[in-house]
Amino acid sequence: MTEPITASYVQEDDDWKITVSGSGKELTGRAPGIIAARDRADQLVEKLSPPEHSTVVHLLNGSALEFTAAYMTARLTLPEIEPLEVPPPSNGKAKEKTGGKPPVPQGKELPKAVDEAKSKEKSEPAKTPAKAAQTS
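Last residue of the sequence shown? That's 136 in full-length UniProt numbering, and every number before it is there in order.
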């Protein structure tokens, strides 16, 4: 037979107090954050009853829906990270040397022959396939 167990959560500042009751017993615990509190509740439930013989209802302010909303919000919310700091450009000399292009990381430059061939291709107008077929 399935044993009904209730896990009630109360937020106290940043911590959560958990009270698990069932089978005529009551256990309490604390955890930092609702996700850790949910894990702690599972540990307390295991002390009360074997997992295969228990149904646990998690309640926040007496509401399973309110607990589920708070728990899922915590699970799905990305942690806040500090914004990326972009260093200010050096004195602008790098742009002058590269013709306005950003500098290429060392070891990623093209061989000089390839770079020259690319610049020639850009200066010559591209032939359309129709014109190329006619001249052949």
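Here a beta-carbon is modelled for each residue, glycine too, at the ideal position from N, C-alpha and C.
Distance, residue j Cα to residue i Cα
i: ALA41; j: VAL20; result: 7 Å
i: LEU60; j: GLU85; result: 40 Å
i: LEU27; j: PRO89; result: 60 Å
i: ARG75; j: ILE35; result: 7 Å
i: GLU52; j: GLY22; result: 14 Å
i: ASP14; j: THR2; result: 34 Å
i: SER49; j: SER8; result: 17 Å
i: THR77; j: PRO4; result: 31 Å
When the options are compared against residue i, the one with the closest alpha-carbon
i: ALA69; options: HIS58, PRO83 and LEU78; result: HIS58
i: ILE18; options: MET72, GLY62, GLU3 and GLU52; result: GLY62
i: ALA37; options: PRO50, PHE67 and LEU48; result: PHE67
i: TRP16; options: VAL56, SER54, GLY33 and THR6; result: GLY33
Segment limits, beta strand (DSSP E) that includes residue i
i: ILE18; result: 15-22
i: GLU3; result: 3-12
i: VAL56; result: 54-60
i: GLU26; result: 25-32
Residue i: first and last residue of the uninterrupted alpha helix (DSSP H) it sits in
i: LEU84; result: Segment: none, LEU84 is in no alpha helix (DSSP H) and carries neither H nor E.
i: THR73; result: 64-76
### Task
Take every Cβ of the segment 77-91, pair it with every Cβ of the segment 27-44, and state whether three or more of those distances are shorter than 8 Å.
Counting Cβ pairs under 8 Å, fewer than three are found: no touch.
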